[in-house]
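Residue numbers (the numbering used here), protein chains in the order written: chain A, 14 to 745; chain B, 21 to 185. Yeah, the Cβ is synthetic: ideal placement off N, Cα and C, and Gly gets one too. Keep in mind it's a predicted model, so treat the numbers as computed, not measured. Notes follow once the structure below has been shown.
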Amino acid sequence: MTISVWRFSHLMLALISSIFIVLASLTGMVLAFEPISNQLQDYKVESMDEVSLATTILNLANTYDEVLHVEVDNNEFVIASVLTNEGESETFYVNPETGEKLGDIIEKASVFKFATNLHRSLFLKSTGRFIIGLVSFFLFLMAITGIILIAKRQGGITRWFSKVVNENFEQYYHVLLGRYLLIPISIVAFTGVYLSLEKFDLLPESDIKHSYPEVVEVDVVRTPISEFELFRSLKISEVKSIEFPFSEDIEDYFFIKLADKELLFNQYSGDIVSEQPYAMVQMASQWSFVLHTGSGTIVWSVVLFLVCIGLLFFIYTGFAMTLKRLKNNEKVSNSIMKDDAEYIILVGSETGTTYTFATLFFKALITAGEKAFISDLNSYTGYDNAKQLIIFTATYGEGEAPTNAKQFGKHLDVTVQNKLEYAVLGFGSLMYPEYCKYAIVVDALLQQHKEFTPKLPLFKINNQSQEAFKLWVRQWSESNAIALDVKFRDSIKDQKSSKSFKVMERSALNVDRSFLIRFKPQQRVKFESGDLLSIKINSDETARLYSIGKLNGDILLSVKTHDKGLCSNYLNDINANDMIKAGIQRNYDFHFPEYADEVVMIANGTGIAPFLGMISDNKKKKKIHLFWGGRTKASFDMYDKVIYQAFDKKYISSINIAYSQEQDEQNYVQDLIAQKDEFIANHLKNEGVIMICGSLEMQNSVLETLQNITNTRLKMSLSAFENMEQIKMDCY
Amino acid sequence: MMIKRYFKLIPILLVSAFIGFGFSFKPKESHYKCMIQMTNYTGEGAYIVISLLNTEGEYEKTLYVQGDDDEWYFDITDWWDFYGKRRTNLDAITGATISGGERAISVIDIEDDKLDKGYTIRFESAVEDQEYYKDDVEFELTTDNVKGKTEGDGFIRYIRMMPQK
């Protein structure tokens, strides 16, 4: 399958460098503990910011025979090299305030020595250093390509932190964690490259040259060190290191390093002999070291540790994703030549998910004995015997074509085609402003083309909804008079978590052939209103899902029976005290939003079930407004007991009902929304949440109405609210 | 009679005992402050070994080692031929490696009777993946030289020595 240059580079770089990145991450995890364990040592003195350099020097000079060197390390520990009164040269941590010894220098533990060596040179000296430097550079490029890929996936860099579409575990967390870790990873990779360049001497020349003055033999007045102005004003915490004059000769100087410059001092007068600021290159080296090693900061060391874990996770999920995609793509093989096929399926897919749906449809056609052919949109060409063109396409980036569909527009113009019917199925997410944009473009292109006539209107599928896809397949089946059986791979999870439930009560069928049924779980099981009950009658059937309303710890379902509905008829046949087996599927995206103060609930028909549970449980008396659409006044009767009880307790603020089949008023629920446009606009503006449950047709109409309201009244796209988790949907 | 004889022997015994002890007395040592100033080379920290060589130019004693990771000691090949066989304990006379542009000050002990006898003092230097200088600095151990400054030929810019009070 065709993939974009960014995705390709991202993958290739990972393939080349993964082994080294795994090694570097594992050793990096160990090394992150070095600065942490050093920081936990108690050699830091609280008064670091108050003690002057003069105090420290004076105290040291009084305690020891001679002071050679004083250094303040990244942990803010003060290290002094002295000659003791016994004439021994010693180096240890000191208290800058008193000059007394605090402890011996922390020796680098052998595990850190080992890890450091492996981390930076793989025990291969220069060769190893070169490899690691190069891998760092590759990692940096991967971070860059990763940033581009996320920006494209999210639909622009400004939408960086908007919600991620959840396709599967690997993809979701690769993107989700990627958004947060890409910045620290770039930093680690970049500083790694920088430190390598420094080691290989490839940075611009930046050595500081101090000019030593000609020594003039004059009788200098000896100013005591404690009187040196700079020594008195500098706090010990501002100093990096100070070298003491080797001898009492006047040409031996004090040499002080501060964070940003070096100074030479006359040891008699205290005059500054030379002062040189560090060049950018040197400052960058210091920063690179601290940022790459975490030296001196526990917080950053922890971040570095997380980066290492993250890298391992990215390598795992990245390759797992790639393998999955390869596997998905393998299965598509055409047994019928393009010129023999009657149904041509063309796919525009960036990550392969759309391909999965197209393949399901393709296989169903083949099973039904139809001549079908499947390929990329890019490979569009003339088809001798084709009757219909069926296009499945995703949208990439900011409304652009996926990589394997980029050429379609061009090919469409130049290809001579027989008369064809067509149907376009768009895959996308309502979280993007450019929802199914490319599918819309393709549909428009075909509409303008004189050889094409539409068979079905453009159909959009949100977040890979299987329910929506099934609905479209049903529509297609009907209009083409071909019975199709689309087989989704069922998740094994449903079977495992199957539990027993006892039927407590059920209502009689109402005018719409719907009824309420209440179950009591027989085992401990966690669920909430908005979760799904999955019921499977035969093992070869796909499970049927019902939205749960939780009422006093019981499960309340609202079921509509269909003539051929196996599951609904099965439920209709059971009575109080019967037992059934079913599984609970948590549906966290459709739980009652605890963060909202005001919630609008929109449902039609049996979609009201989860709302019945949520309303009855609204003990905090948050403002809830219910909008419900049904066929007749009698349709609502079986719900009114629960609703009016809640109304008496002030658990619900308003109830708005539309009837589509009554004589005097024929209304749909979206019409109610349109009438209350000002209220809905204010509700969204005030961070209120809208929940939608019911049929997909209702969902689409309601979303269209909402889109109109936000466009005209708020001058904003509905997707903005979608991203703020203000729109929640569960439709079928 | 016999006892008197023994008494006569006492001074002799005493003298010879003194002489015997006298020979086993450690020769007097002096401390010297020694500073090594490195050139501005780039790369890893340098290993530097300070040794005392006898009049034949053979290693006699290791005075100081800058660099405490002994797995790299074999890089300092000439000295390794001497030290590697014996592996005397160097703990008291080792310091850290010294990087380009840095200086290091150590205290070394030299027996007084080696001064002005044709002995030499040698500074060998080696840097990972770079050169090894067998005699970066080498000079005769004279009363004047231990108070002065000597330029280096390799990684060492110069060394300075000064007797400690």
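Asked, Found
"Quick one: is the Cβ of B:C54 within less than 6 Å of any heavy atom of the ligand FAD?", "Among the components of this structure there are no ligands whatsoever, and the ligand FAD is therefore not found."
"Starting from the N-terminal side, write out each stretch of the beta strand (DSSP E) that is 3 residues or longer and does not extend beyond the segment 84-154 of chain B.", "123-131 and 140-146"
"Tell me where the alpha helix (DSSP H) around A:M296 begins and ends.", "M293 to T306"
"Could you check what DSSP says for A:F374 in three-state terms: helix, strand or coil?", "helix"
"For the segment 118-144 of chain A, which residues have a beta carbon sitting closer than 7 Å to at least one beta carbon of chain B?", "K138 and S139"
"Going by CA-CA distance only, name the one from A:F605, A:K633, A:G642 and A:R599 that's closest to A:G618.", "A:G642"
"Which of the three DSSP states, helix, strand or coil, is assigned to A:P623?", "helix"
"So which residues of chain B does A:F153 contact, with C-beta pairs closer than 9 Å?", "Under the 9 Å cutoff, chain B gives no residues; its nearest Cβ is about 23 Å from A:F153."
"Consult DSSP for B:Y178 and reduce its assignment to one of helix, strand or coil.", "strand"
"Which runs of the alpha helix (DSSP H) fall wholly inside the segment 448-504 of chain A and span at least 4 residues, in chain order?", "450-461 and 479-493"
"So, A:V360 versus A:I198, is the Cβ gap smaller than 7 Å?", "no"
"CA-CA distance, A:L96 and A:I196?", "47 Å"
"Name the DSSP beta bridge partners of A:D743, please?", "A:C706"
"Determine which residues of the segment 231-261 of chain A have a Cβ less than 7 Å from any Cβ of chain B, and write them out in chain order.", "E256, F259 and S260"
"Starting from the Cα of A:D220, find the closest Cα among A:Y185, A:F153, A:M711 and A:M293 and give me that residue.", "A:M293"
"Does the beta-carbon of A:M737 have 16 or more other beta-carbons within 10 angstroms, so that it is buried, or is it exposed?", "exposed"
"Quick check: the Cα distance between A:K351 and A:D397, rounded to an integer number of angstroms?", "8 Å"
"Contact check, A:S287 vs A:K270 under 8 Å by CB: the rounded distance?", "Contact flag wrong, Cβ pair sits at about 13 Å."
"For A:Q598, which three-state DSSP category applies?", "strand"
"Taking the alpha-carbon of A:G707 as reference, which of A:A436, A:G410, A:E480 and A:I322 has the nearest alpha-carbon?", "A:E480"
"Return the bridge partner residues of B:Y67 from the DSSP annotation.", "B:A146"
"Counting C-beta neighbours from all protein chains within 10 Å, is the total for A:S209 16 or more, i.e. buried, or is it exposed?", "buried"
"Please report the straight-line C-alpha distance between A:N565 and A:G382, rounded to a whole angstrom.", "51 Å"
"Give the DSSP-derived three-state secondary structure of A:K506 in the structure shown.", "Unreliable placement is indicated for A:K506, whose pLDDT of 48 sits below 50; no coordinate value is reported for it."
"Between the segment 360-371 of chain A and the segment 385-396 of chain A, do at least 3 Cβ pairs fall closer than 8 Å?", "yes"
"Please classify A:K506: is it buried, with 16 or more other beta-carbons within 10 angstroms of its beta-carbon, or exposed?", "Bear in mind that the predicted position of A:K506 carries a pLDDT of just 48, short of 50, making it unreliable; the figure below should be weighed with that in mind. Its Cβ having fewer than 16 others within 10 Å, A:K506 is exposed."
"Where does A:S17 fall in DSSP's three states?", "coil"
"Enumerated in chain order, which unbroken segments of the beta strand (DSSP E) with a length of 3 residues or greater are wholly contained in the segment 672-738 of chain A?", "702-707"
"Within 7 Å of any Cβ in chain B, is that where the Cβ of A:E265 sits?", "What sits at residue 265 of chain A in the sequence shown is Asp, not Glu. Answer no: the Cβ-Cβ gap between A:D265 and chain B never drops below 7 Å."
"Three-state secondary structure (DSSP) at A:M25?", "helix"
"Give me the subset of the segment 88-107 of chain A whose CB atoms are less than 9 Å from a CB atom of chain D, sorted by chain position.", "Chain labels in this structure do not include chain D; the protein chains are A and B."
"Would you mind giving the Cβ-Cβ distance between A:G543 and A:N600, rounded to the nearest angstrom? I have them listed as a contact below 8 Å.", "6 Å"
"Looking only at its chain, what residues have a beta carbon closer than 7 Å to the beta carbon of A:T111, apart from the 5 residues adjacent to it on each side?", "N72"
"Note down, in chain order, every chain B residue with its Cβ under 7 Å from the Cβ of A:L208.", "Ordered by position in chain B, no residue passes the 7 Å Cβ test against A:L208, which lies about 12 Å from the chain."
"Using a Cβ distance threshold of 8 Å, determine whether the segment 144-161 of chain B contacts the segment 63-77 of chain B, with at least three qualifying pairs required.", "yes"
"Could you work out which residues of chain A lie near B:Q184, taking near to mean beta carbons separated by less than 9 Å?", "D78, E79, L96 and G100"
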